[in-house]
Amino acid sequence: MLLGLPPQHTPDMARANEPYHRPPARVMLTCPCHVYRSQVSKLTKAHERRPGSSICCSVAGSRAALRGGAASARSSVRSLAQMDSNAAAGDAAGKAAGHVAAGHAAAGNAAAANSAAGKAGENAAAGNAGGNAGGTAAAGDAAAGNAAATNAAAGKPSRNAAATNAAGGNASSGAAAAAAAYPGYPRSGGLLLPHSSNARGSGSGSGGGSVHAAALQAFVSQQLDPAGSDLQECVPPDWQQRPADFLPSLTAAAAAAAAAGGGGGGDAEAGRLLQFGRDVHGLWRLLCRQVSPGVPQNPERHSLLPLPNRTVVPGDRFRETYYWDSYWVIRGLLVSGMTDTAAGLVGNLMAMLAAVGHVPNGARVYYLNRSQPPLLSAMVREVHEAAPQRDPALLSRALPLLLREHDYWTSAPKAVRVATADGTVHNMSRYYADWSQPRPESYREDVETAAAATGSADPADPAAAALYRELASGAESGWDYSSRWFGDGKTLGTIRTTQIVPADLNAFLFQMERNIAWAANQTGDAATSEQFNRAAAKRRAAMQALLWNATTGMWHDGILSSANTSGSSSNTTAAAGQPYTLTQNPGVFASNFVPLWAGLAEGDEAQGARVVQALQASGLVGPAGIATSLNPTGQQWDYPNGWPPLQHMLVEGASMYGGAEGDAFAGKLARTWVTMNMRVFNSTGAMHEKYDVSTPSGLVGRGGEYAPQVGFGWSNGVALAFLAKYF
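Just add 1 to wherever you are in the sequence shown, counting from 1, and you've got this note's numbering.
Below, the structure written as structure tokens:
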């Protein structure tokens with residue numbers, strides 16, 4: 002049963018738009034070691050702990066090592082947060098010897114259940130093991146099990162020496178090392194839930210009886226602070242109500258219309274579009290956040306990672322920094338002339354990378370077990386090229402960190418070796434989260450999915466643990482969730498993310514390799530530049546051999562052959578070190594066209610034109626934008642939803658590499674998207690996370706694990722980028 006909450010306590014982190022249900026007479030808790038259940042999660046994950054409280058019961062002692070991992074991650078980021086807001090992150094990346102960042106030791110089996118009062122992920126361990134911030138000596142690199150054998154087989158230079166786990170391993174040794182490195186982190190005591198006879202119901206309950214809903218609610222209100230109290234609203238210093246050179250073409254057209262007495266037609270439309278752009282620009286003020294002072298002062302009380310700079314959050318339930326969202330936020334900030342704020346976002350991501358060895362999914366301890374689509378190199382390049390003289394040392398600071406991130410994505414278990422029919426072996430990458438339990442931020446949903454799919458929700462059950470890893474890996478992809486990952490093409494319980502070699506992920510890594518080569522060349526490092534130009538060429542050849550389909554004109558995801566795996570969907574390790582084989586997923590997804598944006602067709606006009614033709618004929622192009630897939634599964638990354646980042650990548654890809662026809666098609670798509678955004682904004686008063694593109698007027702997107710969200714960072718960025726280029 003689910004705990005019903007009065008409206009004032011309904012957390013938007015759960016389901017703020019769910020109908021209110023009357024509270025049950027009592028709430029069943031299994032105490033002391035498994036208190037973090039769905040009822041408690043729904044009630045408490047929207048709160049922050051109060052000073053002096055430590056959320057756990059007697060489980061605290063048994064989980065000390067895992068908690069230490071999270072503590073070390075916070076400690077590393079806190080040390081970075083104390084540095085200058087603009088130079089902090091990069092200086093920590095090997096320039097300042099005094100700032101020792103830790104190698105990633107994400108505790109893959111850190112129990113979500115150890116958060117006894119339901120603080121999502123407060124004890125979810127994913128910390129540091131004393132590596133070097135520049136990525137040159139990660140002795141504690143146990144995060145995702147960088148298997149030495151796989152790296153050697155790939156001919157990969159070992160910047161991350163001494164990997165301690167085999168692929169898919171549980172990083173308990175890394176968590177123990179992290180705990181040892183930070184002995185001051187709290188290890189005992191804790192905050193006990195009420196278990197007096199007055200608080201209990203009359204029933205026997207499980208593991209110590211039951212607790213009345215009123216008692217639990219009183220406990221939460223007394224001991225925990227409201228959601229979002231770890232962040233403060235702020236106004237970016239470089240935000241201006243009327244920035245100079247903002248949307249110059251629209252500004253000129255609107256001014257001309259006004260001078261002519263407000264002519265109709267296109268002139269009037271220019272005025273409406275300009276006002277829409279100004280409205281979207283104004284949203285940056287509403288989405289700016291800075292870390293509350295109490296977070297770096299008392300990091301053990303918070304799940305938030307203390308970051309050095311202000312940030313721009315996506316919005317609504319997404320109240321902290323998220324990795325891949327930041328790319329499109331930055332694109333919009335640059336249109337708004339907010340280069341300092343954009344650079345601050347890059348600095349925050351670099352700070353987390355320096356601290357834990359990869360850029361986490363988001364700035365919470367419970368996101369440290371996974372990343373998101375790797376776009377940091379693209380963000381660094383955008384910020385540098387927008388204002389090369391603003392921070393001349395940016396590339397020098399970023400380069401060692403980007404090398405470290407590249408290691409993370411090209412080491413096992415994320416790295417896989419795949420053979421073609423002629424025996425040629427290629428190195429590819431996949432999503433693979435270091436987690437085999439319910440995600441703390443979506444605990445209830447994962448438990449329900451596992452119980453329905455496997456008959457068990459217990460992480461000790463191998464089938465349930467495997468499913469939990471697949472769900473976390475799907476979240477790492479950013480596409481949580483889509484039929485793209487499902488074995489049967491329609492059911493979440495058949496998710497098999499780790500068995501997929503994604504076309505878009507490998508395109509992002511191709512782009513990263515080219516960006517690293519560019520940055521190295523800019524800083525005078527010819528050897529590294531040449532090394533990564535070769536790496537990009539090899540990945541391009543691998544994608545052409547394994548994922549490109551000349552018949553369909555797309556790059557398809559690859560499905561790793563189950564014949565070469567251990568049989569578990571979450572332990573996809575090729576037998577006896579042998580390479581995988583794969584087959585292409587014939588499904589049509591917007592991700593099939595992302596490699597065009599990443600530059601895979603550069604220098605091949607025929608291929609670029611073929612991809613644009615395939616997109617036009619794919620069935621994805623709807624009346625209001627590009628759908629994510631053709632499958633109406635009810636998942637949010639499926640039909641009929643269209644997502645801003647996908648619109649942007651496919652529009653830019655068609656424009657850059659599709660020839661004259663592609664450029665014209667891109668302009669039409671961009672104008673359709675912006676017009677729909679403006680129409681929905683004017684009717685709802687908000688920018689939305691996703692949109693239903695199946696009707697010309699456009700609707701708010703739907704489906705997935707949570708209610709539609711507003712704000713919205715990447716939606717604002719894409720709208721401004723399109724307004725700047727196509728109007």
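Ideal placement from N, C-alpha and C gives every residue a C-beta, glycine not left out.
Bear in mind that the values here come from a model prediction, so they are computed numbers and not experimental data.
DSSP, reduced to helix, strand and coil, places residue 227 within a strand of the structure shown. Counting C-beta atoms within 10 angstroms of its own C-beta, residue 506 has 16 or more neighbours from the protein chains shown and is therefore classed as buried. DSSP, read as helix, strand or coil, puts residue 589 in coil. Residue 630 has 590 as its beta-bridge partners, per DSSP. Excluding five sequence positions before and after residue 647, the CB atoms of its chain that fall closer than 7 angstroms to its own CB belong to 591, 627, 629, given in chain order.
Non-local C-beta neighbours of residue 271 in its own chain, meaning closer than 7 angstroms and more than five positions away in sequence, comprise 251, 254, 255, 258, ordered along the chain. In this structure the stretch 513-530 does not touch the stretch 475-484; the number of beta carbon pairs closer than 8 angstroms is below three.
Three or more beta-carbon pairs separated by less than 8 angstroms are not found between the stretch 394-405 and the stretch 434-443, which leaves the two stretches without contact. Residue 390 and residue 341 have their alpha carbons spaced roughly 12 angstroms apart.
Taking residue 636 as the centre and dropping the five residues before and after it, the same chain places the C-beta of 482, 483, 484, 493, 704, 705 closer than 8 angstroms to its C-beta, in chain order.
Here residue 316 really is in contact with residue 288; their C-beta atoms are around 6 angstroms apart, less than 8 angstroms.
Residue state for residue 694 is assigned as coil, using DSSP reduced to three classes.
Around the Cβ of residue 717, a 10 Å sphere holds 16 or more other Cβ atoms; the residue is buried. Within 10 angstroms of the beta-carbon of residue 243 lie fewer than 16 other beta-carbons, which makes it exposed.
Exposed is the label assigned to residue 683, since fewer than 16 other Cβ atoms lie within 10 Å of its Cβ.
If you check the CB distance, residue 624 and residue 696 come in under 8 angstroms. Contact annotation: residue 517 and residue 403 have beta-carbon atoms nearer than 8 angstroms.
Contact between the stretch 611-618 and the stretch 647-659 is present: 3 or more CB-CB pairs across the two stretches fall below 8 angstroms. Counting along the chain, residue 420 sits inside the beta strand (DSSP E) bounded by residues 416-420. Residue environment for residue 234: exposed (fewer than 16 other C-beta atoms within 10 angstroms of its C-beta). Secondary structure at residue 242: coil, using DSSP grouped into helix, strand and coil.
In the DSSP assignment, residue 559 falls within the beta strand (DSSP E) that extends over 559-561. Taking 8 angstroms as the cut-off, the Cβ atoms of residue 430 and residue 411 count as close.
According to the DSSP assignment, residue 234 belongs to the beta strand (DSSP E) that extends over 232-234. Membership of residue 428 in the beta strand (DSSP E) is indicated by the continuous run 426-430.
In the structure shown, residue 382 adopts helical secondary structure according to DSSP, grouped into three states. Straight-line spacing of the CA atoms in residue 580 and residue 498 works out to 18 angstroms. If you draw a straight line from the Cα of residue 295 to the Cα of residue 364, it comes to about 16 angstroms. Contact between residue 277 and residue 679 holds, with the beta-carbon distance rounding to 4 angstroms and staying under 8 angstroms. Annotated as distal: residue 377 and residue 320, with beta-carbon spacing of 8 angstroms or more.
Secondary structure note for residue 390: it is in no beta strand (DSSP E), with a DSSP letter that is neither H nor E. Between residue 502 and residue 426, the CB-CB gap reaches or exceeds 8 angstroms. Around the beta carbon of residue 237, 16 or more other beta carbons sit within 10 angstroms, so the residue counts as buried.
Straight-line spacing of the CA atoms in residue 711 and residue 673 works out to 20 angstroms. Residue burial annotation: residue 699 is buried, with at least 16 other C-beta atoms found within 10 angstroms of its C-beta.
A direct Cα-to-Cα measurement between residue 470 and residue 476 gives close to 10 angstroms.
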